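The next block holds one structure in the form of structure tokens; read it before the comments.
Residue numbers (the working numbering): 10 to 828.
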């Protein structure tokens, strides 16, 4: 207690001295650029590692000067021939909460709880007024609404000011409500900071919500847009009572140089968020971070620089549309809280790149640049050190920086800055890539050759007569439309691809199911009659030569995403599952049935009626997959009920479903499963595979389960991946029964790029380990092969693999020779 009192007294004396002696010294811009550039591409991106102390919050001027220290190094490096984008970290506005006289006592507190209690005493009039205006909000929420005034003032003054002064784009982050700027005396008296200039407005919240927001300022200094964080941490929800944003409203910033999406911290780890960013066309993912320590201990047992690999580095490799990610970092001690990390820019991994690494981690390709940490990795001085020894020394250094360490290094985090010239393609092509087939693996060919426009999200199916149907989104005419093509020789040749049902909106994520010879059903999501994307379907009975008029399955006024289709063999029964937003913040998986080959549909129902949470993300269900099995319709999805993403499944019982069960194995640490794929063998046995990330290891692998006597049993692990100790990732598995074995196909980074891998499982034994093999024939060529889909004949006699490939500059759908 004595130490805390002394600290508080020292802060008080320091603040009084600051007020008496005037403001901070504003640094002058450097005259020489200390960074190097390629002078290529269409945007120059600067990624800031901002180190702070509480002294930076003495006043708005001190706050401004602390960020100007970052900009003085940037100024001489700004490009005069391309736009410049400056990225500042998450929670820049958190420091702004503590600015000025009203927060003087809070700055002297010994921990965050005392600090926010002291903060309330400075802002109680505004906070109490918000509680009157918005009955039922918590004391914490009323305080964050009141603090919207100093936060917005700092954002506009500092980051809007930087944008305007230098003519650049600026992205920063703050916890802020939606506000209106008011100058009437009542608003100024109640809500405006006492330190604000006399003619400055009061920033008054217009609603009861307060979001963690990425804020984008245009080169004229005006606010160009904001993107609110969807998935909050426990601290943000329980202590600050921030508001979670809706995934349904997520979009990207459409800028002159390309589409930029903001994934604030936790959002950058979660597949539903990232999949949506890719669906809206994002090319550059910014990841504003206030990471909770870097080389300090992790409660769940991971090495934090490895754990964070499962965000920006991983999603740049996994998702075709993401060309780059860039993460600005906040470093410093806020009372008893630690913020720390290394900045980065990632790109697509290719075998010829020089590997790089975070401190205490193993090297990987796929980096454009990685910024330094406060202290160098000990391996730079002693190459003989083991990984464990390096991490032990780094942990000692991190502990010394942490609050309360008493070490002379306490709180002395270093600033960092990296920058890169990036090429965002927009609607145009990227560079073409020369591919030299190796002779090993399966050859492939384009499904539908075209000169321009990206082809994405391929799905395929065989009908009962052995005809292969392939659907995909194709942007040859500007906006993506669903196209279909067919093959009667297992993918060796195809008919001319044709649009299924041309529409006014962007047609995304098509799926297809087939029944008797010539009968097929296609579904996709499209904003055809409004702003929200909903499901549309079209059916064919003549082998995809023609389709019925597109019809909406269910008109609800809410978004419907991620269609999944299945056909009951030998009948005209079809099932359609999807992600549905009608019930509120938490989307639910619903399913409708058709008895006539998809021409008409029953009213939909929830597949898991026991999940009743609708107003919190913990009730979220996404990424459904469906198949017909010996037990009936089986549906699987990813589920957030335990605040991590697990795979759940349910089986139909007549019109209803069995109780949902967790299929992914339980783990002591966080699990982030995604992209489940469910299918059946000719005998009706069902198998489910998914993309699995667990134990805070940073890398994804392939997991699966099979249905045996009404119970899900795990499939064998696939050797050579993260589950068996390898420092690499595998993504997005797909499975089918081909030639008397389950074939699990996945996106594989073991070649130093995104290639294709396959594991053959026959006979299946839960305790065994199976080997993986390279499936594609592209060797070390630097093209990226993404999102594979294995498709098999209904009798299992043949199968092929569809995938996306960027060798032509635009993404193209390709198909392998038969397995």
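Even glycine gets a Cβ: it sits at the ideal position worked out from N, Cα and C. Treat the numbers as computed from the prediction; the structure is a model and nothing was measured.
Can you say whether residue i is buried or exposed, counting buried as having 16 or more other CB atoms within 10 angstroms of its CB?
i           : result
residue 396 : exposed
residue 665 : exposed
residue 463 : buried
residue 160 : buried
residue 684 : buried
residue 216 : exposed
residue 165 : buried
residue 112 : buried
residue 729 : buried
residue 554 : exposed
residue 116 : buried
residue 651 : exposed
residue 715 : buried
residue 201 : buried
residue 861 : As displayed, the chain neither begins before 10 nor continues past 828, which places residue 861 out of reach and without an answer.
residue 172 : buried
Grab the span of the beta strand (DSSP E) containing residue i for me, first residue to last.
i           : result
residue 641 : 641-648
residue 788 : Residue 788 -> no beta strand (DSSP E), and no H or E assigned at all.
residue 191 : 188-191
residue 185 : 178-185
residue 661 : 655-662
residue 76  : Taken as a continuous stretch (DSSP letters only), residue 76 belongs to no beta strand (DSSP E), being part of the alpha helix (DSSP H) at 69-83.
residue 795 : 794-801
residue 556 : First-last for residue 556: undefined, no H or E at that position.
residue 546 : 543-549
residue 606 : No beta strand (DSSP E) holds residue 606; DSSP gives it neither H nor E.
residue 713 : 710-717
residue 378 : 376-379
Please classify residue i: does DSSP put it in a helix, a strand, or coil?
i           : result
residue 535 : strand
residue 30  : Interpretation of residue 30 is limited by its pLDDT of 49, a score under 50 that renders its predicted location unreliable; no figure is taken from the coordinates.
residue 289 : coil
residue 691 : coil
residue 686 : strand
residue 752 : strand
residue 525 : coil
residue 151 : helix
residue 387 : helix
residue 626 : helix
residue 887 : Absent from the structure is residue 887, since the part of the chain shown begins at 10 and ends at 828.
residue 813 : strand
residue 16  : With a pLDDT of 41 at residue 16, under the threshold of 50, the modelled position of that residue is not reliable, and the figure given next carries that caveat. Looking at residue 16 - three-state DSSP - the assignment turns out to be helix.
residue 736 : coil
residue 284 : helix
residue 55  : strand
residue 430 : strand
residue 615 : strand
residue 781 : strand
residue 278 : helix
residue 424 : coil
residue 392 : coil
I need the boundaries of the alpha helix (DSSP H) containing residue i, first residue and last residue.
i           : result
residue 175 : 170-175
residue 405 : 396-410
residue 819 : Careful: residue 819 lies outside any alpha helix (DSSP H), inside the beta strand (DSSP E) at 819-825.
residue 161 : 157-163
Rounded to whole angstroms, how far is the Cβ of residue i from the Cβ of residue j, which I believe are closer than 8 Å?
i           : j           : result
residue 429 : residue 377 : 5 Å
residue 583 : residue 600 : That belief does not hold up - the Cβ atoms of residue 583 and residue 600 are roughly 11 Å apart, past 8 Å.
residue 556 : residue 510 : 6 Å
residue 493 : residue 480 : 5 Å
residue 785 : residue 794 : 6 Å
residue 637 : residue 578 : 7 Å
residue 163 : residue 214 : Going by Cβ atoms, the distance from residue 163 to residue 214 rounds to 16 Å, so no, they are not a contact pair.
residue 546 : residue 532 : 5 Å
For residue i, decide whether its Cβ has a neighbour in chain C, counting only Cβ atoms nearer than 8 Å.
i           : result
residue 295 : Absent from the structure: chain C. Only one protein chain is present.
_Give the list of continuous beta strand (DSSP E) stretches no shorter than 3 residues that lie fully inside the segment 432-466._
453-455, all fully within the segment 432-466.
Complete beta strand (DSSP E) runs within the segment 193-259 (minimum length 3 residues, chain order)
Counting only runs of 3+ residues, the beta strand (DSSP E) found wholly inside the segment 193-259 occupies 211-214, 220-226 and 232-237, in chain order.
Could you name each continuous alpha helix (DSSP H) segment of 4 residues or more that falls completely within the segment 91-138, going from the start of the chain to the end? With a minimum length of 4 residues, the continuous alpha helix (DSSP H) runs that stay inside the segment 91-138 are 101-105 and 113-116.
### Task
Entirely within the segment 315-373 and at least 3 residues each: give me those beta strand (DSSP E) ranges in chain order.
Correct list: 333-336, 338-343, 346-348 and 353-355.
Handout entry: Runs of beta strand (DSSP E) lying entirely within the segment 458-521, each at least 3 residues, in chain order
Key = Qualifying beta strand (DSSP E) stretches, in chain order: 464-471, 477-483 and 490-496.
**Item:** Sequence ranges, beta strand (DSSP E) only - wholly within the segment 563-603, length at least 3
**Value:** 569-576, 583-589 and 597-603, all fully within the segment 563-603.
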